[in-house]
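Step one of this worksheet: look at the structure below.
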Amino acid sequence: MSHNFERDVIVIGGGPAGSTVARYAALGGANVLVIDGRDPIGTPLQCGELVPTNDEMRRLCPDVPDMDDLFKTPDSAISRHSKKMHLVPPSGKPLIFDFDGYVLNRVAHDEFLVDLAKESGAEFLVNSRVEKVEENIVRLKNGDTHSAKIIVDAGGHNGPIRRDYWTEKSTKIPVKFVLMDGDFGEAVELHFGSMAPGGYAWMFPKGSGANIGLGIQRSFSKGRSLNQYTEDFISKYEGEITFNGAGSLPMSGTIKKFVKGDYMLVGDSAGMVLPSNGAGITIAMIGGRIAGQVIGEHFANGTPLEEYEKRWKKQMGKVMKNSKRSFKMGSMLFRLPDWILNMLFNRLTKGIIWRAVTCRRMLWII
Ligand SMILES: Cc1cc2nc3c(=O)[nH]c(=O)nc-3n(C[C@H](O)[C@H](O)[C@H](O)COP(=O)(O)OP(=O)(O)OC[C@H]3O[C@@H](n4cnc5c(N)ncnc54)[C@H](O)[C@@H]3O)c2cc1C
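Last residue of the sequence shown: 891 (the working numbering), numbering continuous.
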């Protein structure tokens, strides 16, 4: 193999995963280029915008070290700091939990992560879509090519390396959401039941207005479209819609391998979304930091890239396993008629439901 590559690392995609890989790989001394099809990165918005605070992350992911180094969310990217989460069954009567979370201004958040990566020495090429990757060459849609020793796919679940070099499939949940003007209180809400079959709906209040949306599993949806479910759910809230968005989330958890030869997958492209609650931003950043650090060590002292998979399992293995299990249980339970779900959301089950949503073992046996 020729060693005359332009870069040590090319990262495809500068979202939370890609910018974080770039930041830590550059800090480790690697020469990094991030290529992203968007300009600016992070637009248009495709997100519910909720992330746990660093304290909440320490509770949710106890094996992940040094959260404060990883998550440096600036005030300018925080739209609301919420302290309560309502888990709402079809009856509308919520179970109320303490939950420390930020409803972000996600576009500002992604821009901040890009800036952190640039400050660490990574370079960015935006408005440049990658068409395909062949060996160590990245081919752009405009015909240009770039080469690197290591190529990281952080391009989401349709990223070009995941698409062309991995056969494993992920369950994807299509999602629609709106931004709405108005006053929606302080608590973030997750709704479960026939209003979002196989998925969930959300209302996350922002500093002003709210982000409201819904995702479903199509196989559960009995012929109704995502649009119909979304319209029904959104019509419960009053306010002017200022933005419509859509996307899809990988919901079967991480895939088996993140590394093949000189290729690495990070973030959504590796399935790094917790299926029981849809958290993908912070989880992509946890994966991104591990990948970036291992890349730095690979160039410094020959650490094998597979070390990334080992460290991921150590830091996130248990949480991901519990989250996958909860999602499977939820998928069965949420097929039940709404009146049964209403009964199941009660004071006695409250603790178990919370453990499931927050990726802990629900009971000692499961
Ligand atoms: C509607 C919706 C709501 C969500 N709500 C939440 C939430 O409230 N909280 C939460 O934590 N997570 C949420 N998620 C999940 C979260 O957004 C993702 O898990 C997270 O963004 C993953 O980060 P990433 O960097 O892997 O991918 P992305 O953020 O998708 O970034 C991928 C980047 O790669 C670029 N790219 C892709 N393909 C190419 C290509 N071929 N060439 C060049 N560039 C390319 C894209 O332009 C993009 O910038 C939501 C997702 C959706 C769709």
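Just so it is clear, CB atoms sit at the ideal spot from N, CA and C, and this is done for glycine as well.
Cut-off 6 Å between Cβ atoms - residues of its own chain near residue 601, not counting five sequence neighbours on either side: 633
Touching by the beta-carbon criterion (3+ pairs, under 8 Å), the segment 535-550 and the segment 675-693: The segment 535-550, when compared against the segment 675-693, does touch it at the 8 Å Cβ threshold.
Three-state class that DSSP yields for residue 870 in the structure shown: coil
C-alpha gap between residue 591 and residue 806, whole angstroms: 17 Å
Simplified DSSP state of residue 910, which is helix, strand or coil: The requested residue 910 does not occur in the structure, where the chain is confined to residues 526 to 891.
Counted within 10 angstroms of its Cβ, other Cβ atoms place residue 733 as buried (16 or more) or exposed: exposed
Proximity below 8 Å, CB of residue 813 to CB of residue 541: yes
Nearest-angstrom beta carbon gap, residue 751 and residue 766 [assumed within contact, 8 Å]: Wrong, their Cβ atoms sit about 16 Å apart, outside the cutoff.
Length of the line joining the Cα atoms of residue 790 and residue 784: 7 Å
Buried/exposed call for residue 779, threshold 16 Cβ in 10 Å: buried
Residue 861 (DSSP reduced to helix, strand or coil): coil
contact_flag[the segment 580-595, the segment 860-868] where n(CB pairs < 8 Å) is 3 or more: no
Span of the alpha helix (DSSP H), counted from its first residue to its last, around residue 689: Element bounds for residue 689: 685-690.
Ligand 1 heavy atom lying under 7 Å from the CB of residue 571: Result yes, Cβ under 7 Å from ligand 1.
Contact check, residue 704 vs residue 661, beta carbons under 8 Å: Contact: no.
Per DSSP, the bridge partner or partners of residue 893: Since the displayed the chain opens at 526 and closes at 891, residue 893 lies outside it and no answer follows.
Chain-order list of residues whose beta-carbon lies under 6 Å from that of residue 571 (same chain, five-residue window excluded): Closer than 6 Å at Cβ, skipping near neighbours: 770 and 772.
Span separating the alpha-carbon of residue 890 from that of residue 839: Low confidence applies here, because residue 890 scores a pLDDT of 45, under 50, leaving its location unreliable and the question unanswered by this model.
Cβ contact (3+ pairs, closer than 8 Å) linking the segment 575-583 and the segment 696-711: no
Any non-hydrogen atom of ligand 1 closer than 7 Å to residue 844 Cβ: no
Nearest neighbour of residue 730, chosen from 658, 581, 663 and 606 [CA to CA]: The candidate whose alpha carbon is nearest that of residue 730 is 606.
Residue 843 to residue 745 span [Cα, whole Å]: 28 Å
Host alpha helix (DSSP H) of residue 652 (start-end): Residue 652 -> no alpha helix (DSSP H), and no H or E assigned at all.
Length of the line joining the Cα atoms of residue 837 and residue 815: 7 Å
CB-CB length for residue 825 against residue 554, believed under 8 Å: Rounded, the Cβ-Cβ distance is 6 Å, consistent with contact.
Residue 704 - containing alpha helix (DSSP H), residue span: No alpha helix (DSSP H) contains residue 704, which is instead part of the beta strand (DSSP E) from 697-705.
Straight-line Cα distance separating residue 727 from residue 880: Roughly 19 Å between the two C-alpha positions.
Helix, strand or coil at residue 885 according to DSSP, with G and I counted as helix: DSSP, read as helix, strand or coil, puts residue 885 in coil.
Cβ-Cβ distance between residue 614 and residue 717 below 8 Å: yes
Buried versus exposed call for residue 565 [16 or more other C-beta atoms within 10 Å across all chains shown]: exposed
Nearest candidate by alpha-carbon position, reference residue 683, set 668, 713, 774 and 638: 774
Distance between residue 798 and residue 804 (C-alpha atoms, nearest Å): 6 Å
Test item: CB-CB of residue 581 and residue 624 under 8 Å: yes
Straight-line Cα distance separating residue 666 from residue 527: Any reading at residue 527 needs caution, since the residue's pLDDT is 47, under 50, leaving its predicted position unreliable; the model's value is listed next. Distance between the alpha carbons of residue 527 and residue 666: 24 Å.
Residue nearest to residue 485 in terms of C-alpha spacing, selected from 573, 651, 612 and 695: Residue 485 lies beyond the residue range present for the chain, which begins at 526 and ends at 891; the question has no answer from this structure.
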